[in-house]
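Mapping to our numbering: the sequence shown position 67 is 67, numbers consecutive.
Below you'll find the structure, written out as structure tokens, and then a few comments.
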Amino acid sequence: MVMVEKNIGSLELTVDQMVRQLSKAYVSIIKSNTAFRSFPSVMLWGPPGVGKSQGIRQVAKEIADKTGKKVEITDVRLLLFNPVDLRGIPTANEDKTLAVWLKPKIFQMDDSEDIVNILFLDEISAAPQSVQAAAYQITLDRTVGEHRLPENCIVIAAGNRVTDRSVAFTMPKALANRLCHIEIIGDSKSWHDWAVCSGVNSIVLGFLDYNPSMLMKFDPMSDGLSFPTPRSWEMVSNILNHVSENIMEVYPLIAGCIGDAAAYELRTWSEVYSKIPKVETVFNGTAEGVPARPEILFALSSEITMHSREHHTDEEIRNVIDYASQLPVEFRNRIFTDLLQIKGIHRLLSRIHTYDDWFLRSGRDWEDYGL
Numbered sequence: 001m002v003m004v005e006k007n008i009g010s011l012e013l014t015v016d017q018m019v020r021q022l023s024k025a026y027v028s029i030i031k032s033n034t035a036f037r038s039f040p041s042v043m044l045w046g047p048p049g050v051g052k053s054q055g056i057r058q059v060a061k062e063i064a065d066k067t068g069k070k071v072e073i074t075d076v077r078l079l080l081f082n083p084v085d086l087r088g089i090p091t092a093n094e095d096k097t098l099a100v101w102l103k104p105k106i107f108q109m110d111d112s113e114d115i116v117n118i119l120f121l122d123e124i125s126a127a128p129q130s131v132q133a134a135a136y137q138i139t140l141d142r143t144v145g146e147h148r149l150p151e152n153c154i155v156i157a158a159g160n161r162v163t164d165r166s167v168a169f170t171m172p173k174a175l176a177n178r179l180c181h182i183e184i185i186g187d188s189k190s191w192h193d194w195a196v197c198s199g200v201n202s203i204v205l206g207f208l209d210y211n212p213s214m215l216m217k218f219d220p221m222s223d224g225l226s227f228p229t230p231r232s233w234e235m236v237s238n239i240l241n242h243v244s245e246n247i248m249e250v251y252p253l254i255a256g257c258i259g260d261a262a263a264y265e266l267r268t269w270s271e272v273y274s275k276i277p278k279v280e281t282v283f284n285g286t287a288e289g290v291p292a293r294p295e296i297l298f299a300l301s302s303e304i305t306m307h308s309r310e311h312h313t314d315e316e317i318r319n320v321i322d323y324a325s326q327l328p329v330e331f332r333n334r335i336f337t338d339l340l341q342i343k344g345i346h347r348l349l350s351r352i353h354t355y356d357d358w359f360l361r362s363g364r365d366w367e368d369y370g371l
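Quick look at the structure:
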């Protein structure tokens, strides 16, 4: 596990590691009927676009899967809030002798036993200091004024570091000492797994598999407004998926998300897709020959993985396994591992001798996949 001590006094974790740590902790708390208030509120630190918000959604999914409870996320972007949005609007009581505060919407949560609420206070370090004061009261005391969060609510905050040169204020030491701090770093492996599950465009997936250092190119000293991050690569994927896969047609949009230098590298590298076997021939069993050049193998692997999300009949997956078995070990393993991310085909994979043999030799257990 990557754990390097940093200047904010926390340890570095990838998004995937953070998800495992927090989901395990919260599942244990739920199963032992321990109150969430007994666990410290969590503060996630990290550069813009590293995947903090996506990680919280993954934590919610893990909690739901492992406890059977419904998990609802209230996502509050504090940079857009005023103090009254958290404290509530003041009004007079019935006999007009005292001021009372109308309950803010974020406190309108279902307190049922079969529900888990996650209050995610994003951009807390960039919010106006008057808003931060109210937000910190929520993270520490689970209250603002007379308003109290329900017992079934988890509180997680997130923000950029002062060193990121984003809008951020230094957190007071007395406050910091009452939170659990986690610093999130970009990680190509955990991002790849998320991308496969989320349907990221195969060109983006293949490019970042071939050039993992391009996943995160945030430089706090640069004045550039567009730069590669996990978030901006997701934006590029959405452009390619929903506007056009012709990079030349949407090049200005791509450059506007990740910068011209990264967009140029993506465009240049994407030309290898014209040299890979047609992915349909892999799935129908008529593909002939195996590429030798690494960049072509990365492109082909990403195409096969993403095509498998929509095309996974018994015959198609058997043909994919037969073809992938002919590839160099690194790429065979990449495709075989990615297939485990696709829902609905685990039972089929376990019945294919070539795949089952690889699966068991890799130290995995089908019971972990419900088989």
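Even glycine gets a Cβ: it sits at the ideal position worked out from N, Cα and C.
| Item | Value |
| --- | --- |
| Supposed close pair L348, I317 - CB separation, criterion 8 Å | 6 Å |
| T337 - partner residues in DSSP beta bridges | Paired residue(s): none; T337 is not in a bridge. |
| W45 - containing alpha helix (DSSP H), residue span | Looking at the DSSP string, W45 is not in any alpha helix (DSSP H); the run it does join, the beta strand (DSSP E), is V42 to W45. |
| Among G68, G256, Q129 and L205, nearest to W269 - alpha-carbon criterion | L205 |
| Backbone CA spacing between G159 and M43 [nearest angstrom] | 8 Å |
| Of the listed residues I335, V279 and S325, nearest to H353 (C-alpha basis) | S325 |
| Contact under 8 Å by Cβ, I342 with R364 | no |
| Neighbourhood of R334 by C-beta distance below 6 Å, restricted to the same chain and skipping five residues each side | S301 |
| Helix, strand or coil at N152 according to DSSP, with G and I counted as helix | coil |
| Alpha helix (DSSP H) segment containing D260, residue limits | D260 to W269 |
| K70, DSSP secondary structure in three states | strand |
| Residues that DSSP places opposite H147 in a beta bridge | V144 |
| Rounded straight-line distance, which links the Cα of K66 to that of V200 | 26 Å |
| Alpha carbon of S130 to alpha carbon of G49, nearest angstrom | 25 Å |
| Which of helix, strand or coil DSSP assigns to T34 | coil |
| Helix, strand or coil at L327 [DSSP, three-state] | coil |
| First and last residue of the uninterrupted alpha helix (DSSP H) at D209 | S202 to Y210 |
| For T229, the three-state DSSP class (helix, strand or coil) | coil |
| Span separating the alpha-carbon of L13 from that of H307 | 31 Å |
| As assigned by DSSP and simplified to three states, the class of V290 | coil |
| Residue nearest to G344 in terms of C-alpha spacing, selected from D314, K217 and L360 | D314 |
| Distance, Q17 Cα to I156 Cα | 16 Å |
| Of the listed residues A25, M214 and F336, nearest to R37 (C-alpha basis) | A25 |
| Of the listed residues E303, F283, W358 and V15, nearest to P47 (C-alpha basis) | V15 |
| Neighbourhood of S232 by C-beta distance below 8 Å, restricted to the same chain and skipping five residues each side | G49, S226, C257 and I258 |
| Residues near F107 by beta carbon distance below 6 Å, same chain, minus five either side | H147 |
| Assigned secondary structure, E245 (DSSP; H/G/I helix, E/B strand, else coil) | coil |
| Test item: CB-CB of L78 and A135 under 8 Å | yes |
| Cβ pair I118, I56 closer than 8 Å | yes |
| Identity of the residues DSSP links to E12 by a beta bridge | E183 |
| Range of the contiguous alpha helix (DSSP H) that encloses L121 | L121 -> not in any alpha helix (DSSP H); beta strand (DSSP E) instead, spanning I115 to D122. |
| Local conformation of R77 per DSSP, three classes | strand |
| Three-state class that DSSP yields for A158 in the structure shown | strand |
| Proximity to Y323 [Cα-Cα], best of E295, F283 and S112 | F283 |
| F120 versus M214 - alpha carbon distance | 28 Å |
| Candidates M235, L208 and F218: closest to E265 by CA position | L208 |
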